[in-house]
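Residue 29 is where the sequence shown starts when you use my numbering, and the numbers rise one by one after that. C-beta atoms are modelled at their ideal positions from N, C-alpha and C, and glycine is treated no differently. Structure, as structure tokens:
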Amino acid sequence: MPSDGLLDDANARLPRGYRARAFEDADREPIVAAGNSEAHQMERESASEWRFWEQRVDDPARKRITITTDGGAIVGTANIAVGMMARPDGAQFIGLGVFKDHRRKGIGGALVDALEAEAKRRGVGRLLSGASASRPFALEFAQKRGYREIGRRIMSYRELASFEPERCQDAMTRVARENIVFRTFAEILAGKSDKEQERFWRALWEAEGPMWDDIPFSSPTPHWPYDKFRKLMVDNPQIRRDLSLVAYHGDSIVGYTSTGQSDEDGHTYMTGVARDFRGKGIARALKVDALARAKAAGLRAMKTTNDEPNKAMRGVNINLGYQPVPDHVELEKRLSGVGSA
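Below, the structure written as structure tokens:
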């Protein structure tokens, strides 16, 4: 068999009693179960959801390994990947997890060293990673190894049973006075030919560009290309077209919000407003309308994630009763001996 640099490196570094092997699809269930045991209820995942998104985000550079005891019991995992969106400087993401009963035995340090060695073989000069603020031991571990905080992403959720849309009708009234009309994706696309539908999706993607550019990402992230937009927005079966809305002023798209669903919860993928129409309450009204529709559809909660500096959108969410989960701390490390792109 051909040599596998990451696998060989990990096995050379792991402490006695542990070994690395190639990742197998069946490993997802125990890895997810271990992660969920320490996660906030709204952050808990499923192996099927993991499979779904990995298939949607095709990343040929992704390499993942599984860590086991000599007896074969799974105790952790590690990976390196380009991620959903390639960074302009060629930065890649690393991630690792060690099950609770096997920490402080040198496994994590061995995996970081192996991942960094793999990055250097790839010519990657900057690594990105992250950890939950609810796990201070993980942040301390990363910081000791030269990773620094570059930003925070805040996930929050609104339980829908207690949401009362009638208390927020002022938001809808305000945008109506501006002659702004909301239409769902489903309404817009109904009865349209394939060519007409394609024209709508193109227009939405083009309108989204300036909105995306204004998101305060911790690491520069260019607006996704149209083919990726199509794969993750247009052809994604999780997108709820009846819960995703476009704000029109005449024939112009001046805002929109997209909603996906997994299990019993919705998730806001994107809410944006055109620069010339900000300050008119459009984002709040889009959120109110989407929440009302999600409640009527029987969903349990609506989730969303915002970068910490995005105080305007976070303020909208707080005003609507969203509750935060622990911050996701974004981390960066520049590797010595690797030229910058």
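Neighbourhood of residue i by C-beta distance below 6 Å, restricted to the same chain and skipping five residues each side
i, result
"residue 107", "92 and 123"
"residue 321", "271"
"residue 342", "334"
"residue 339", "none"
"residue 209", "276"
"residue 87", "109 and 110"
"residue 286", "272, 297 and 298"
"residue 213", "269 and 272"
"residue 305", "282"
"residue 235", "281"
"residue 32", "none"
"residue 206", "308"
"residue 225", "217"
"residue 196", "316"
Buried/exposed call for residue i, threshold 16 Cβ in 10 Å
i, result
"residue 365", "exposed"
"residue 9", "Not covered by the structure: residue 9. The range shown for the chain is 29 to 369."
"residue 65", "exposed"
"residue 345", "buried"
"residue 254", "exposed"
"residue 308", "buried"
"residue 221", "exposed"
"residue 149", "exposed"
"residue 104", "buried"
"residue 165", "exposed"
"residue 30", "Unreliable placement is indicated for residue 30, whose pLDDT of 49 sits below 50; the coordinate value is still reported in the next sentence. It is exposed - the Cβ of residue 30 has fewer than 16 other Cβ atoms within 10 Å."
"residue 56", "buried"
"residue 34", "buried"
"residue 186", "buried"
"residue 125", "buried"
"residue 323", "buried"
"residue 218", "exposed"
"residue 199", "buried"
"residue 54", "exposed"
"residue 101", "exposed"
"residue 50", "exposed"
"residue 129", "exposed"
Beta carbon of residue i nearer than 8 Å to that of residue j
i, j, result
"residue 354", "residue 161", "yes"
"residue 170", "residue 184", "no"
"residue 175", "residue 336", "no"
"residue 301", "residue 310", "yes"
"residue 259", "residue 70", "no"
"residue 116", "residue 248", "yes"
"residue 203", "residue 329", "no"
"residue 180", "residue 295", "no"
"residue 63", "residue 73", "yes"
"residue 216", "residue 274", "yes"
"residue 85", "residue 75", "no"
Contacts around residue i, its chain only, beta-carbon distance under 7 Å, and the 5 residues preceding and following it disregarded
i, result
"residue 362", "153 and 154"
"residue 41", "138, 141 and 142"
"residue 252", "113"
"residue 246", "178, 179, 335 and 358"
"residue 231", "281"
"residue 127", "62, 103 and 104"
"residue 97", "45, 46 and 103"
"residue 261", "267 and 286"
Whole-angstrom C-beta distance between residue j and residue i, which should lie under 8 Å
i, j, result
"residue 233", "residue 257", "5 Å"
"residue 77", "residue 290", "5 Å"
"residue 283", "residue 268", "With a Cβ gap of about 18 Å, residue 283 and residue 268 do not count as contacting."
"residue 178", "residue 292", "That pair is no contact at about 34 Å."
"residue 327", "residue 348", "That belief does not hold up - the Cβ atoms of residue 327 and residue 348 are roughly 15 Å apart, past 8 Å."
Other residues of its chain near residue i: CB distance less than 8 Å, five sequence neighbours each side excluded
i, result
"residue 351", "184, 185, 186 and 187"
"residue 38", "48, 93, 95, 106, 138, 139 and 142"
"residue 227", "none"
"residue 238", "302 and 303"
"residue 266", "80, 288, 289 and 290"
"residue 68", "162, 353 and 354"
"residue 173", "137, 140 and 361"
Quick check: the region 39 to 50 against the region 128 to 136, are at least 3 beta-carbon pairs closer than 8 Å?
yes
Can we say the region 191 to 202 touches the region 140 to 148, given the rule of at least three CB pairs closer than 8 Å?
no
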